[in-house]
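Asker:
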Amino acid sequence: MKTCYDRTSAKFKYPINSWVILKNETKHKLDPNYLGLFKILYHGPFYTNKIKSAKGETMKVLVNHNRLQQANIENEEQLKAWTKNQGRKLEPEKFVPKGNYVVSNNE
């Protein structure tokens, strides 16, 4: 019975260099269900994968294949436009306090 199952089961769900999204397990109310895009770098032990974000940051921990889902990406150009930072840039603070300011109520 085990040999029949092993013949049909795939060892790894996603091939190396494929794009995936990561399930957000510490989700709160308005957080997204999935985080991503990530690229699979290599397969580790016990069905884990080493992944790298679209920005090029490699995650320090291995991720189980159950938390991953195949991303719908057709080409790399579509990916770059999707991950482009579209938010407004924050202006640097013009006033930076120096030293310790102590406010006393006894005057």
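All residue numbers in the sequence shown are consecutive under the working numbering, ending with 1100.
Quick reminder that beta carbons are idealized off the backbone N, C-alpha and C, glycines included.
Owing to the predicted nature of the structure, the values given are computational and were not obtained by experimental measurement.
Rounded to whole angstroms, how far is the Cβ of N1042 from the Cβ of L1028, which I believe are closer than 8 Å?
Answerer: Residue 1042 sits at position 49 when you count from the first residue of the sequence shown. Residue 1028 sits at position 35 when you count from the first residue of the sequence shown. Contact doesn't hold; Cβ gap of about 14 Å is too wide.
Asker: In chain order, what residues of the same chain have a beta carbon less than 7 Å from the beta carbon of G1037, not counting five sequence neighbours either side?
Answerer: For the purposes of this step, residue 1037 is taken as residue 44 along the sequence shown, with counting starting at 1. Answer for G1037: K1043, L1055, listed in chain order.
Asker: Measuring only the C-alpha atoms, how far is S1011 from M994?
Answerer: Your numbering for residue 1011 matches position 18 in the sequence shown. Your numbering for residue 994 matches position 1 in the sequence shown. Roughly 32 Å between the two C-alpha positions.
Asker: Can you find the residues in the same chain that come closer than 6 Å, C-beta to C-beta, to R1000, ignoring five residues on each side of it along the sequence?
Answerer: As a working note, residue 1000 is residue 7 in the sequence shown. Cβ within range, chain order: n/a, list empty.
Asker: Could you have a look at K995 and say whether DSSP puts it in helix, strand or coil?
Answerer: Locating residue 995 in the sequence shown gives position 2, counting from the first residue. Three-state result, K995: helix.
Asker: Thinking C-alpha only, which one of N1059, Y998, E1067, N1068 is nearest K1006?
Answerer: Translated into positions along the sequence shown, residue 1006 becomes position 13. If we check each option's Cα against that of K1006, N1059 comes out closest.
Asker: Please give the ranges of any beta strand (DSSP E) in the stretch 1008 to 1055, keeping only runs that are unbroken, at least 3 residues long and fully inside the region.
Answerer: Fully enclosed beta strand (DSSP E) runs of 3 or longer: 1012 to 1016, 1027 to 1036, 1041 to 1046.
Asker: By Cβ distance, which residues of its chain are closer than 7 Å to N1057, with the 5 residues on each side in sequence left out?
Answerer: On the sequence shown, position 64 is the one that residue 1057 refers to. Excluding residues within five positions, the ones whose Cβ falls inside 7 Å are Y1040, T1041.
Asker: Between E1070, Q1071, A1047, which has its C-alpha nearest V1013's C-alpha?
Answerer: As a first step, residue 1013 must be located in the sequence shown, where it is residue number 20. Checked all of E1070, Q1071, A1047; the closest Cα to V1013 is A1047.
Asker: Could you round the C-beta distance between K1020 and N1026 to whole angstroms and report it? I think they count as a contact, below 8 Å.
Answerer: Translated into the one-based positions of the sequence shown, residue 1020 becomes position 27. Translated into the one-based positions of the sequence shown, residue 1026 becomes position 33. That belief holds up - the Cβ atoms of K1020 and N1026 are roughly 7 Å apart, short of 8 Å.
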